[in-house]
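Going line by line, the protein sequences match chains A and B.
So the first sequence is numbered by my numbering: it starts at 150 and just counts up by one.
So the second sequence is numbered by my numbering: it starts at 1143 and just counts up by one.
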Amino acid sequence: MIKPIISFKDFSFQYEAQAEATLKHINLDIYPGEKVLVAGASGSGKSTLGRCLNGLIPQAYPGKFSGSCTVNGKPITESSIFDLSFDVGTVLQDPDSQFVGLTVVEDLAFSLENDCWSQAKMRQATQKWAARLQLKPLLQHAPQEISGGQKQRVAMAGVLIDESKILLFDEPLASLDPASGAASIQLIDQLTTSEELTVILIEHRIEEVLRGKIDRLVVLQDGQIVANGQPEEILRASLLQQLGLREPLYLNALKKSGVSLQSCTEIADVKHITAPQAKEKLEQWMTGTQLKQPVPKKEELLKIKNLTFSYAKDKPVINNLSLTIHKGEMVSLVGRNGTGKSTLSNLITGFLTPQQGTLTFSGKELEALSVKERAEQIGYILQNPNQMISKTTVFDEVASGLRLRGITAEIEDKTNAVLKVCGLYEMRHWPISALSFGQKKRVTIAAVLVLEPQMLILDEPTAGQDLQHYTEIMTFLENLNRKQQLTIILITHDCHLMLEYTERTIVLAGGRVIKDAAPAQILTDEEVIQRAALAKTSLFELADRFRLPSATEFVAKFIQAERKERADEQSISNRI
Amino acid sequence: MNSQFLIGYSPRKTFLHRLNGSTKLIGFVALSLIGMITYDTRFLAGIFLFSGILFYFSKISYQEIALVLKVIMAFAALNLIMVYVFAPGYGMTIYGTQHMLWGSPQHYFNLSWEEVFYIFNLFLKYTFAVPLALIFLLTTNPSEFAASLNRIGIPYRTSYAVEIALRYIPSVQRDYRTISLAQQARGYEISKKAKLRTRIIGSAQIILPLIFTSLDRIEVVSQAMELRRFGHNKKRTWYLAQPFALRDFLALATIAVIVIWGVVLFKINGGRFWNPFK
């Protein structure tokens, strides 16, 4: 009989600073060569489980524990981070922070340097792993010269170089664009086989991870294992949705058309899934669903005409770009990193001045307005709320925009009104440090809304958030959009977000708009997907799999049905 | 965009670039020390010329260092003026003679050849080390810094801090830019349009989020390093450390000769000062 390489037996753990145990009575065996996905909402204990494996618990995060946990035969309570580092290689969520060397090759050699290897042996090892992970041309590059996906490959090579047999990934998809994420999943697949690794992936984006082969899916909720088995079984039982996790979209679509998931075979693979009468049922559902024509919004709010901007001569980042945003629209702006998305928003907010072209905002030329004046019309919200918050309490933070503009009279009233809209009124005297990420995000939005802007630009508003927080933030934005007629531009990589919440997607490439259409059209256009580093939606693949007449139409109809359900649910919860 | 430092390494093919980082560091430290101690003008002029020649061979262009050079010169000039203002008669006290250029020894403000000579010595001391420091900084691959520091006896944990700082300065700069833009949009004015007081308050609003962002980063980085076994052993090796070559030994020997010559001069002069007035 094969012995498990990782074994939790009635294991519980409670952080020193916390009143309640984060992991409760965990029983889990992982066998050599297995590839396990550990999923769960934030706060479910999935990261804590990972920290047990690499020894950060109990060394860096002390606490109380009971039961036992062994990794490769070593009980974690008696092993140091140092001991475990030979067995478990950890790839952290943010590959930029994990990169400690000044160049790629130094980062690869980092752990070997710490083990006092000779330079000749280090050169051999770095060459070998650079070749296996296709890093050879990058060896002399500095971290700021390479992309997120490449940094993650460096991080992988940097731990694989120890020849450890267990590889732990902490949210590997969180900081990558969809295309790099898909490539990463594929690479992990490959390495699992070629290096005979045991792989543990901690991630809440189940659909994306399932594009690779997963042997086992473990779902955590409130510190307990609530599902543990082959992904097929769990998907078939439709457990994910019940547990508050995001079910793969294609399964959602199958359910909608009346296909029972229980009857599906190869359910984890959208390219090969089969179910009795699936094609017929999907086609029936499609013909039975009428696509409503969206009411086009006509009132021009922001008009960009022939905009050109470059940092260096003859290398325009924004190249003769024209674009009109209408009042009340919710738009997603997508494109590869470095394609000019941030530059464009900086031009709109006035941080940069264009070399050519004009920007008009509700009929007025923007050029004459300063950054501060533009901010009263157009709010700009960064991805990381910690980078925006500069006061210590919620009320002060939200009021600061008014105070800085010398408005003293109605500060109290105006701020309180905005706090109510944002659901922060009860917390107005709280210190900001006591808030969750989602609440902080709302504070930053409230701090901008208090100036009563007509338009918001948000940079990756939901990056790294689990389904519950994601829904919370997006529902909030959707309500602002609907009820206050606020125009919203979302800069994002998230295909779900584009599809589910925006009615129009603008794709940038090479400083131009290469496509401006409904998200369903964008995400079914292979050329655009490739040029913008997006990923095909599984709905598209499902349509392809069953040869549905029009993939775009199918996706559009599905999204329409989803939105309707969401709106209904909300109106019910509002009535209650 | 502009993620460059004020001054930075640029790879070129000169013998100074080929020298080991440790050799250059030892040379810089040793020559600076002896130069700080001695007031022998002949010796100071000698190493001033020596470092000037080395600087010429390093092929560092003036543009690369113009800003730093101007700043250093401004500070040196200010310092020399202050030295004169606070003690105009100090030169005469040191050298024990009174060759007046202007005024008389009875008045507070006067000028003697001794004072001029003393300030000239100070000028040489302030300036001779500048080319040496610039040579070390601009001809040594930053990846070699930490290894060099470690080799001359500084513990590797401390040495590596230098490398980590170099690694994360661009990231912190980027954070700073992002935060600064967001705060400006909120209405904090830090451009030249605003009054100084407003600008200082505005800048302070950037510091707080920057500190929090950086603290987050530090936590992740230190964990990442620990997970890869940093800090466990007493020693570590360096991927990019250069072994000492013949040229390094030759260079170190030259430095030793200069330093010993400086010490011998103390004996000959009977102290740190060379006195041409007696």
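Just so you know, even glycine gets a beta-carbon here, dropped at the ideal spot from N, CA and C.
query                                                                                                                                                                       : result
Enumerate in chain order the residues of its own chain whose CB-to-CB distance from B/Asn1283 is below 8 Å, with the five nearest sequence positions on each side excluded. : Tyr1151, Pro1153, Gly1163, Leu1382
Return the CA-CA distance between A/Leu177 and A/Gly372, expressed in angstroms with no decimal places.                                                                     : 13 Å
Reducing DSSP to helix, strand and coil, say where B/Gly1245 ends up.                                                                                                       : coil
Helix, strand or coil for A/Gln283 per DSSP?                                                                                                                                : coil
I'd like to confirm the pairing. Which residues does DSSP put opposite B/Lys1212 in its beta bridges?                                                                       : DSSP lists no partner for B/Lys1212.
Taking Cβ-Cβ distances shorter than 9 Å, what residues in chain B pair up with A/Gln785?                                                                                    : Residue numbering for chain A in the displayed model covers 150 to 725; residue 785 of chain A lies beyond these limits and cannot be assessed.
Could you have a look at A/Asn455 and say whether DSSP puts it in helix, strand or coil?                                                                                    : strand
Quick one, which of A/Pro465, A/Ile453, A/Pro327, A/Gly204 has its alpha-carbon nearest A/Thr686's?                                                                         : A/Pro327
Looking at chain B, is there any beta carbon in it that lies within less than 8 Å of the beta carbon of A/Ile538?                                                           : yes
Could you name the residues of chain A that B/Met1367 contacts, counting a contact when the two beta carbons are closer than 7 Å?                                           : Val249
Evaluate A/Gly307 with the Cβ neighbour count: other Cβ atoms within 10 Å of its Cβ, from every protein chain shown; 16 or more gives buried, anything less gives exposed.  : buried
Apart from the five residues on each side of it in sequence, which residues of its chain come closer than 7 Å, Cβ to Cβ, to A/Glu449?                                       : Thr473, His475
Which same chain residues end up closer than 6 Å to A/Leu369 when comparing Cβ atoms and leaving out the 5 residues on each side of it in sequence?                         : Gly189, Ser193, Gly194, Lys195
Is there at least one Cβ from chain A nearer than 8 Å to B/Phe1408's Cβ?                                                                                                    : no
Taking the DSSP output, what are the residues bridged to A/Met435?                                                                                                          : Looking at the DSSP assignment, A/Met435 forms no beta bridge with any residue, so it has no partner.
At 4 residues or longer, what runs of the alpha helix (DSSP H) sit wholly inside the stretch 678–724 of chain A?                                                            : 687–694, 700–724
When you compare only the Cα positions, how much space is there between A/Val656 and A/Asp674?                                                                              : 12 Å
Identify the contact partners of A/Ile230 in chain B, using a Cβ-Cβ distance below 7 Å as the criterion.                                                                    : Glu1368, Leu1369
Report the rounded CA-to-CA distance for B/His1159 versus A/Ser329, giving the unit in angstroms.                                                                           : 39 Å
Could you check how far apart the C-beta atoms of A/Ile638 and A/Ile663 are, in whole angstroms? I think they sit under 8 Å.                                                : Wrong, their Cβ atoms sit about 17 Å apart, outside the cutoff.
Between A/Ser324 and the rest of its own chain, which residues show a CB-CB distance below 7 Å, the 5 nearest in sequence each way excluded?                                : Gln242, Asp243, Pro244, Gly297
Just the Cα atoms here: how many angstroms apart are B/Val1225 and B/Gln1347?                                                                                               : 39 Å
Between which two residues does the alpha helix (DSSP H) holding A/Asn401 run?                                                                                              : 398–405
Give the DSSP-derived three-state secondary structure of A/Thr171 in the structure shown.                                                                                   : coil
May I ask you to list the residues that DSSP assigns as paired with A/Gln505?                                                                                               : A/Thr457
Mind checking the stretch 577–595 of chain A against chain B and listing, in chain order, the residues whose C-beta falls within less than 7 Å of any C-beta there?         : none
From A/Pro321 to A/Val240, what does the alpha carbon distance come to, in whole angstroms?                                                                                 : 8 Å
For A/Asp319, count neighbouring Cβ atoms within 10 angstroms of its own Cβ and tell me buried if that reaches 16, exposed if not.                                          : buried
Measure the alpha-carbon distance for A/Lys428 versus A/Ser699 and round it to whole angstroms.                                                                             : 13 Å
So what does DSSP say about B/Asp1317, is it helix, strand or coil?                                                                                                         : helix
In the DSSP assignment, what residue or residues form a beta bridge with A/Val375?                                                                                          : Its beta-bridge partners do not exist; DSSP assigns none.
Express the C-alpha separation of A/Ser387 and A/Ala681 in angstroms, rounding to a whole number.                                                                           : 32 Å
Along chain B, in chain order, which residues have C-beta atoms closer than 7 Å to that of A/Met271?                                                                        : Tyr1381
Count the CB pairs spanning the stretch 450–462 of chain A and the stretch 572–579 of chain A that are closer than 8 Å, and state whether there are at least three.         : no
Using a cut-off of 7 Å between C-beta atoms, extract the partners of A/Phe259 located in chain B.                                                                           : Arg1370
Measure the C-alpha to C-alpha separation of B/Gly1233 and B/His1249 and round it to an integer number of angstroms.                                                        : 15 Å
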